[in-house]
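Trainee: Mind having a look at this structure? Questions to follow.
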Amino acid sequence: MVFDEVARDGHEQIVYGYDEVSGLRTIIAIHSTALGPALGGTRFFPYESEADALTDVLRLSKGMTYKAAAAGLDLGGGKAVIIGDPRTDKSERLFRAYGRIVDSLRGRYITAEDVGTTTTDIDLIRRETKWALGISVAEGGAGDPSPVTARGLFNAARAVAEFIWGGSDLAGRRFAVQGVGKVGSAFVQLLVEARAEVIVSDAYEAAIKTAVDTYGVRSVPPDDIHTVDCDFYSPCALGAGLNERIIPELNCQAIVGSANNQLATDEDADRIAQRGIIYAPDFVVNAGGLINVYDEMLGYSKMRALHRVDGIFQATKTILEMSKSEAVNPNQAAVKVAENRIREIGDLRRFRRSGDDRN
Ligand SMILES: NC(=O)c1ccc[n+]([C@@H]2O[C@H](COP(=O)([O-])OP(=O)(O)OC[C@H]3O[C@@H](n4cnc5c(N)ncnc54)[C@H](O)[C@@H]3O)[C@@H](O)[C@H]2O)c1
79 MVFDEVARDG HEQIVYGYDE VSGLRTIIAI HSTALGPALG GTRFFPYESE ADALTDVLRL
139 SKGMTYKAAA AGLDLGGGKA VIIGDPRTDK SERLFRAYGR IVDSLRGRYI TAEDVGTTTT
199 DIDLIRRETK WALGISVAEG GAGDPSPVTA RGLFNAARAV AEFIWGGSDL AGRRFAVQGV
259 GKVGSAFVQL LVEARAEVIV SDAYEAAIKT AVDTYGVRSV PPDDIHTVDC DFYSPCALGA
319 GLNERIIPEL NCQAIVGSAN NQLATDEDAD RIAQRGIIYA PDFVVNAGGL INVYDEMLGY
379 SKMRALHRVD GIFQATKTIL EMSKSEAVNP NQAAVKVAEN RIREIGDLRR FRRSGDDRN
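Written as structure tokens, this is what we have:
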């Protein structure tokens, strides 16, 4: 029952879109517009069932609400999924039909790229709606946000180092990076430049080879990366990797990674804390990409975007210090920061600014 699922996490609106000609089947989920338009990427994925697609889009859109709020942006949370195989089912017609559906929401939902979509796809969507961000540099946009996400991770790792060891220098620190795709490889580059020691892995053999050849790092098989004796474990692949089975096998001091929804369940944050490992919440440390596309809304300034992304250093430190002083785990601290902001700033709209102000 769709309404039961929607009610569970308090989503505002779900939109189903279909185009017979291109085979487009999409679900757009708006979790919250309390702080602003619901911004979140479009995931193109061959879901086994409609139910799987709905579950995923509901979970991801809620995560975007918290990410935007924790980053202090005037944005709500939303996400979209397109059911299909990104290698075979993409077409201009499909993305333009999708763009028209996004446009019908008149800015309540703003889209961007996600797993399975690229800036090229966003450029096509943009031909039908202005509510699409992360367009290519050639079209006047900010381009792929992944290197900026990596910069945010790097700042977060420095903040964690300062919190644990009293100094933010990462030289000589050992990192185990799971997944060297767009974000993971850019992160490895920053770490190597900072003279950290890096060990990588990936499910895709060619990605490992590229990282090893390009950055001169070591690698281990995919099943072993989380067991590497290191200072930082960095999940930069898929979600739910921190779970009941994996956490007892971790051999790190801290966790800082880009993957969304790293914790399989909320209890996993306690399991990590009980092992004495510092977990930097995913939705705080991986907000760089969101901050970058948000800046496009303001008329993109790279300098302003990077300046904001560097704020992830302080945001991470604040959450770790709050977790210590309030004796809660870092995930709970970050959720609290986000919920406080949604309550306080979201409430501002009761002050109407003018007769025609509908925001
Ligand atoms: N791209 C961004 O700006 C951004 C922003 C915020 C969050 N994220 C999240 O960060 C993660 C990485 O994003 P990306 O854009 O680099 O994606 P990507 O697809 O470019 O890279 C992911 C890599 O992980 C590898 N992988 C998949 N399963 C694995 C496993 N079990 N073990 C080891 N490696 C595995 C893949 O082969 C791939 O190389 C995703 O969870 C994404 O949602 C990305």
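The sequence shown: position 208 = 286 (our numbering), numbered continuously.
Note that the Cβ used here is the ideal one computed from N, Cα and C, for glycine as well.
(1) Would you kindly report the start and end of the unbroken beta strand (DSSP E) that includes G177?
(2) Look at G118 and G162 and say whether their C-beta atoms are less than 9 Å apart.
(3) Among Y94, A235, K157, whose alpha-carbon lies nearest the alpha-carbon of N364?
(4) Take D373 as the anchor and find which of I242, A318, V413, P223 has the nearest alpha-carbon.
(5) Buried or exposed for Y176, please, with buried defined as at least 16 other CB atoms from any protein chain shown within 10 angstroms of its CB.
(6) Can you tell which of R165, E275, L136, T166 has the C-alpha that lies nearest to the C-alpha of V159?
(7) Any idea if L102 is buried or exposed, counting beta-carbon neighbours within 10 angstroms, 16 or more meaning buried?
(8) Indicate whether F391 and N233 have their beta-carbon atoms separated by less than 9 Å.
(9) Excluding sequence positions up to five away, which residues of its chain have a Cβ less than 6 Å from the Cβ of K208?
(10) From the DSSP output, which residues share a beta bridge with G154?
(11) With respect to the alpha helix (DSSP H) encompassing E303, which residues constitute its N-terminal and C-terminal limits?
(12) Let me know if R165 comes out buried or exposed under the rule of 16 or more other beta-carbons within 10 Å of its beta-carbon.
(13) Using only the heavy atoms of ligand 1, determine whether one of them is closer than 8 Å to the beta carbon of G367.
(14) Quick one: is T197 buried, meaning 16 or more other Cβ sit within 10 Å of its Cβ, or exposed?
(15) In terms of residue numbering, what span does the alpha helix (DSSP H) encompassing Y144 cover?
(16) Could you tell me whether any non-hydrogen atom of ligand 1 is closer than 8 Å to the CB of G317?
(17) Please go through the same chain and pick out, in chain order, the residues whose beta-carbon is closer than 6 Å to the beta-carbon of P124, but skip the five residues on each side of it.
(18) Among the candidates F265, L316, R251, whose CA atom is the shortest distance from the CA of Y282?
(19) Residues in the same chain with beta-carbon distance under 7 Å from A131, minus the five sequence neighbours each way, listed in chain order, please.
(20) Rounded to whole angstroms, what is the Cα-Cα separation between N329 and V99?
(21) Would the beta-carbon of S336 be found less than 8 Å away from any heavy atom of ligand 2?
(22) In three-state terms, what does DSSP make of G95?
(23) For a quick check, are the C-beta atoms of N407 and T227 less than 9 Å apart?
(24) Would you mind sorting I195 into buried or exposed? The rule is 16 or more other CB atoms within 10 Å of its CB.
Mentor: Checking against the coordinates, here is how it stands:
(1) For G177, there is no enclosing beta strand (DSSP E); the enclosing alpha helix (DSSP H) covers residues 170 to 182.
(2) Note that the C-beta distance between G118 and G162 is not below 9 Å.
(3) Of Y94, A235, K157, the smallest CA-CA separation from N364 is found for A235.
(4) The option with the nearest alpha carbon to D373 is P223.
(5) Flag for Y176 reads buried.
(6) Looking only at R165, E275, L136, T166, the smallest Cα-Cα distance to V159 is reached by L136.
(7) If you draw a 10 Å sphere on the C-beta of L102, you find 16 or more other C-beta atoms in it, and that means buried.
(8) Between F391 and N233, the gap from beta carbon to beta carbon is short of 9 Å.
(9) Cβ-Cβ distances below 6 Å link K208 to nothing in the same chain once the five nearest sequence neighbours on each side are left out.
(10) Looking at the DSSP output, G154 shares a beta bridge with A116.
(11) Here residue 303 is Ile; the residue named in the question, Glu, does not match the sequence. The continuous stretches of alpha helix (DSSP H) do not include I303, and DSSP gives it neither H nor E.
(12) So R165 counts as exposed.
(13) Yes, Cβ of G367 sits closer than 8 Å to a heavy atom of ligand 1.
(14) That one is buried.
(15) Here the alpha helix (DSSP H) through Y144 covers 128 to 148.
(16) In this structure, G317 has its CB closer than 8 Å to one or more heavy atoms of ligand 1.
(17) Close CB contacts of P124 within its chain, under the 6 Å cut and outside five residues either way in sequence, are with D163 (chain order).
(18) Residue L316 is the option with its Cα nearest to Y282.
(19) Listed in chain order, the non-local C-beta contacts of A131 below 7 Å within the same chain comprise I105, Y125, V159, I161, local neighbours out to five positions each way being set aside.
(20) Spanning the two alpha carbons is a distance of roughly 52 Å.
(21) Annotation note on ligand 2: not contained in the displayed structure, which lists ligand 1 as its ligands.
(22) Reduced to three states, the DSSP call for G95 is strand.
(23) Not in contact: N407 and T227 (Cβ atoms no closer than 9 Å).
(24) The displayed chain sequence assigns Thr, not Ile, to residue 195. Around the beta carbon of T195, 16 or more other beta carbons sit within 10 angstroms, so the residue counts as buried.
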